[in-house]
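What follows is a set of notes on a single structure, which appears directly below.
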Amino acid sequence: VLVVGALVLGGWLIQVGLVLADAKKAGLLDEEKIEKYRVGRENNLIAIHKSLMQAAESDGAFPKADKWMETALIRLKTSDLTEVEAKDKLRVPGRTSGSFGYALNAAVSEHHPDDFKSKPDTVLVFESRSDSWNATGDPDKDGVNGGRAVTIEGKIVGG
35 VLVVGALVLG
45 GWLIQVGLVL
55 ADAKKAGLLD
65 EEKIEKYRVG
75 RENNLIAIHK
85 SLMQAAESDG
95 AFPKADKWME
105 TALIRLKTSD
115 LTEVEAKDKL
125 RVPGRTSGSF
135 GYALNAAVSE
145 HHPDDFKSKP
155 DTVLVFESRS
165 DSWNATGDPD
175 KDGVNGGRAV
185 TIEGKIVGG
């Protein structure tokens, strides 16, 4: 029985080893790609934060929930980005065309950043389960498990 258990265990270990080898060959465990993905996520959130803070300062408040991506896009395009590059900043890396994955915290919509001075760790934008354009919601309920977010003060949090 001990020998059979060792053979089963050994077979399982060999299969796991083959799966890991295949994953590495496919680039899924490539540290450089993983780091590029992580940096892309953070850079997008930083760019979105900057564009929404500019909008809040010039317009007197964060945009309406149903227009936040249009508002961010306008300001991203003025940062020497083409429309395609700017839209890519509004897409979680790895999402397909037409799928975005970021959501505005509904609690900040149409508020000025100063309204959150006592709560600077309030999430502004988060990685969402929703893929739709102008997604909004509650980061605690609608956020991706292990997802990243950016706070009102510009701090990257989560995942």
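Adding 34 to a residue's 1-based position in the sequence shown gives its number in our numbering.
For every residue, glycine included, the Cβ atom is placed at its ideal position computed from N, Cα and C.
task: Would you please state the rounded distance, in angstroms, between the beta carbons of residue 160 and residue 183? I believe it to be under 8 Å.
output: 4 Å
- request: Would you grab the beta carbon distance between residue 83 and residue 181 for me? Rounded to a whole angstrom, and I think it's under 8 Å.
  value: Not quite, the Cβ-Cβ distance comes to about 15 Å (not below 8 Å), so this is no contact.
query: Quick one: what's got a C-beta closer than 7 Å to residue 87's C-beta in the same chain, skipping five residues either side?
result: 147
- prompt: Going by beta carbon distance, what residues of the same chain come within less than 8 Å of residue 45, once the five residues before and after it are set aside?
  reply: Low local confidence applies: a pLDDT of 48 at residue 45 is under 50, so the model's placement there is unreliable, and no value is given.
message: Can you list, in chain order, the residues of its chain with a C-beta nearer than 6 Å to that of residue 122? Leave out the 5 residues immediately preceding and following it.
response: Shown here for residue 122: not one same chain residue has a beta carbon closer than 6 Å to its own, the five before and five after excluded.
query: Just the Cα atoms here: how many angstroms apart are residue 166 and residue 127?
result: 15 Å
task: Using three-state DSSP, classify residue 124 as helix, strand or coil.
output: Residue 124 falls in the coil class under three-state DSSP.
message: Please report the distance separating the alpha-carbon of residue 112 from that of residue 91.
response: 16 Å
task: Could you pull out every residue in the same chain whose Cβ sits closer than 6 Å to the Cβ of residue 107, ignoring the five residues on either side in sequence?
output: 120
Sequence-distant residues of its chain with Cβ nearer than 7 Å to residue 193 (five each side left out): 180, 181 and 182
message: Tell me the residue span of the alpha helix (DSSP H) that contains residue 104.
response: 102-111
Residue range of the unbroken alpha helix (DSSP H) whose run includes residue 147: That residue, residue 147, is in no alpha helix (DSSP H); it is neither H nor E in DSSP.
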